[in-house]
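Engineer: Residue numbers (UniProt numbering), protein chains in the order written: chain A, 1 to 376; chain B, 1 to 353. Each residue gets a CB set at the ideal place from its N, CA and C atoms; glycine is no exception. Quick caveat: nothing in here was measured; it's all calculated off a predicted structure.
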């Protein structure tokens, strides 16, 4: 409903100034300025989807943060594994999907969890299952895109990966660096400082500076906020600048609601005080939420589609063409892809028909032979 | 000063039947008809100890950044950790575990303590942490070996320099879940050779309920895996001690917070961490259990830690070692020791063994 009203207002505004001047200028108004609103209405009807991956060691507060971000309880019946069970565990990939609706806008949110990451004694290549998963999603999208039926492609590509850095260390640990380097060209990485309530403001500042320096030093390409347009107002620019200087965000999550200063807020109750999750002076949770959901969600999806997926695709095609060249076949302009056959039944049918054809051919040959013999 | 108090304790003496011509008899305290002054032994011991001083060796083990150095500084209220002593200290993660010992002599009310803090940078910090506990096991055994050699020496010193590790403080990160595989591997291997005191580091990230649940899960994990941490149940000597130690055992691991900064709270200067939502007082029992840890390590169980190390862990090592190195002492094992000590004479030292 708001969209329609907006559209009407826009049309009015466009028409208004012309009222004062001669109406002959009306002929020059085409009306495509309402396109954004049309797109808006269509998207609202269709709904959005967003895939978020959370990665980090156990006990960093990943589940709690996800619950706080989307105000849901995705992990109600989770059982914590004891250490014996964890010794033999490899990194798993678990997907939770939830449909959220707010003011008529539907969001299909998928959270990809990575339990077991970094928990073992020997964590060599513990990120491999994660990179494999991301590549799988890209591959599936690639096939779907090149397939015959493109109407209902399901986009399972990971749009953003929140990486939780423990606040206990003095910066990035070797496993953090290796993980981010393995993933920075496949997905948008947003590093976060987890459990930030064990750090004083000074310590947070030092840690953030240290992490930023190390990210630069190791050449890790984390997600960069796009530059805001030059015609945005000063306040927006100022906010944007503050946002950029605040990375990596120091976050705190909470599953409980406590009473603070006469209000009920999400927070953690300690003997020495109450930490409010949504208080900007306590932690950067609000900044993260605003960035992730309110301002940059679409940009994250765009970067995933335009940059990471395209890189994957280009790489894939290059590999295929080089393979073809090796096989000494004719270089076709379009690489021959195995067409995805979503229908196993048609394949079976084709096989059956092939066999039947073969049989008939044999019978024909036999009959010809018999006739030939008879003649002789 | 002579005090006219009758001894109440019973004095029991065993009758040694294996040695002839030696007779002892029971003397009950109430049989004494005057003040003997046996209790003055305590004063003598105290003055001797004050003159000689106390040696205490701690080892701190845990991942980088868990606050080990800060905690040690807070425990002994002075800058005794490796970080405070190394000039131009830079926080880098080393690829292997390298042990680093720093010794200080601190004095309080006339009692001198030679405190040695052994730090283990690089433990658990790398991607592949297999066998990262081996340098630590090696170090501890080396200290036992040193003491053993000195003890078996012909001309041994009156006070053997004691560099054995009396207590190993193991830092667990405050994840709130359970023990991690690396924690279990380490504590399994070291629980038998040194007294381990596990602590939850940087505990100001856990609320009280989370802390209790975490501790409960850790205790379960410790029992399931058969890990022995200090104080050990088997070595409680009397019921009184047992009650005290049970109280401690129900509370380990202690959730600690360390700091060396002071702030003003209600007009007093307290050690604490100042955050936007409050000040965490390190020495406040309602906030964290630093006081319990300090009392355990220093005020009540310091001597016990040393005794356990000497009587139990060291003896185990000694027996193992002496069984290992040859049965025929007079030929191989002992003669090498003798040569090392600069004496070429054969020495029948069975009485030692």
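(1) Distance cutoff 9 Å, beta carbons only. Does residue 198 of chain A sit that close to anything in chain B?
(2) Contact defined as beta carbons within less than 8 Å: I believe residue 157 of chain A pairs with residue 138 of chain A. What is the distance between those atoms, to the nearest angstrom?
(3) Alpha carbon to alpha carbon, how far is residue 65 of chain B from residue 301 of chain A? Give it in angstroms, no decimals.
(4) Report the CB separation of residue 187 of chain A from residue 308 of chain A in whole angstroms; it is logged as a contact under 8 Å.
(5) For residue 273 of chain A, return the contacting residues in chain B, with the cut-off set at a CB-CB distance below 7 Å.
(6) Can you give me the start and stop residues for the beta strand (DSSP E) that residue 259 of chain A sits inside?
(7) Please classify residue 194 of chain B as buried or exposed, where buried requires at least 16 neighbouring CB atoms within 10 angstroms.
(8) Does DSSP classify residue 113 of chain B as helix, strand or coil?
(9) Residues of chain A with CB under 7 Å from residue 169 of chain B, in chain order?
(10) Would you kindly work out how many angstroms separate the C-alpha atoms of residue 255 of chain A and residue 209 of chain B, rounded to a whole number?
(11) Mind checking which residues open and close the beta strand (DSSP E) that includes residue 264 of chain B?
(12) Bridge partners for residue 48 of chain A per DSSP, in chain order?
(13) Could you tell me the boundaries of the alpha helix (DSSP H) in which residue 280 of chain A lies?
(14) Between the segment 188–206 of chain B and the segment 165–177 of chain B, do three or more beta carbon pairs fall short of 8 Å?
(15) If we define contact as Cβ-Cβ less than 9 Å, is residue 52 of chain B a contact residue for chain A?
(16) Just confirm the distance between the C-beta atoms of residue 121 of chain A and residue 129 of chain B, as a whole number of angstroms; I'd bet it's less than 8 Å.
(17) Is residue 236 of chain A helix, strand or coil when you go by DSSP?
(18) When Cβ atoms are compared, which residues of the segment 267–291 of chain A fall closer than 7 Å to chain B?
(19) Between the Cα of residue 284 of chain A and those of A:220, A:66, A:321 and A:248, spot the shortest distance and give me the residue it belongs to.
(20) What residues from the segment 285–304 of chain B come within 8 Å of chain A, judged by C-beta to C-beta, listed N to C?
(21) Mind checking whether residue 99 of chain A and residue 62 of chain A have CB atoms under 9 Å apart?
(22) Just curious, the beta strand (DSSP E) that residue 396 of chain A is in, first and last residue?
(23) Mind checking which residues open and close the alpha helix (DSSP H) that includes residue 159 of chain B?
(24) Would you mind sorting residue 191 of chain A into buried or exposed? The rule is 16 or more other CB atoms within 10 Å of its CB.
(25) Should residue 166 of chain A go down as buried or exposed, given a rule of 16 or more other Cβ atoms within 10 Å for buried?
(26) Against residue 124 of chain A, what residues of chain B qualify as contacts under a CB-to-CB distance less than 7 Å, listed in chain order?
(27) Report the rounded CA-to-CA distance for residue 28 of chain A versus residue 9 of chain A, giving the unit in angstroms.
(28) Would you call the segment 312–329 of chain A and the segment 209–221 of chain A in contact, with 3 or more CB pairs under 8 Å?
(29) Assign residue 66 of chain A to one of three DSSP states: helix, strand, or coil.
(30) Strictly below 7 Å CB to CB, what residues from chain B border residue 381 of chain A?
(31) What would DSSP say about residue 360 of chain A, mapped onto helix, strand or coil?
(32) So with Cβ pairs under 9 Å, would you call residue 96 of chain B a contact of chain A?
(33) Output yes or no for whether 9 Å exceeds the beta carbon distance between residue 285 of chain B and residue 71 of chain B.
Structural biologist: In short, the structure shows the following:
(1) yes
(2) 6 Å
(3) 36 Å
(4) 6 Å
(5) 277 and 278
(6) 257–260
(7) buried
(8) strand
(9) Chain A residues near residue 169 of chain B: none, gap ~16 Å exceeds 7 Å.
(10) 13 Å
(11) 262–265
(12) A:107
(13) That residue, residue 280 of chain A, is in no alpha helix (DSSP H); it is neither H nor E in DSSP.
(14) yes
(15) no
(16) 5 Å
(17) helix
(18) 268, 269, 270, 271, 272, 273, 274, 275, 281 and 282
(19) A:248
(20) 286 and 287
(21) no
(22) Given a span of 1 to 376 for chain A in the structure shown, any question on residue 396 of chain A remains unanswerable.
(23) First-last for residue 159 of chain B: undefined, no H or E at that position.
(24) buried
(25) buried
(26) 127 and 128
(27) 19 Å
(28) no
(29) helix
(30) Outside the modelled stretch of chain A, which goes from 1 to 376, sits residue 381 of chain A, for which no answer is possible.
(31) helix
(32) no
(33) no
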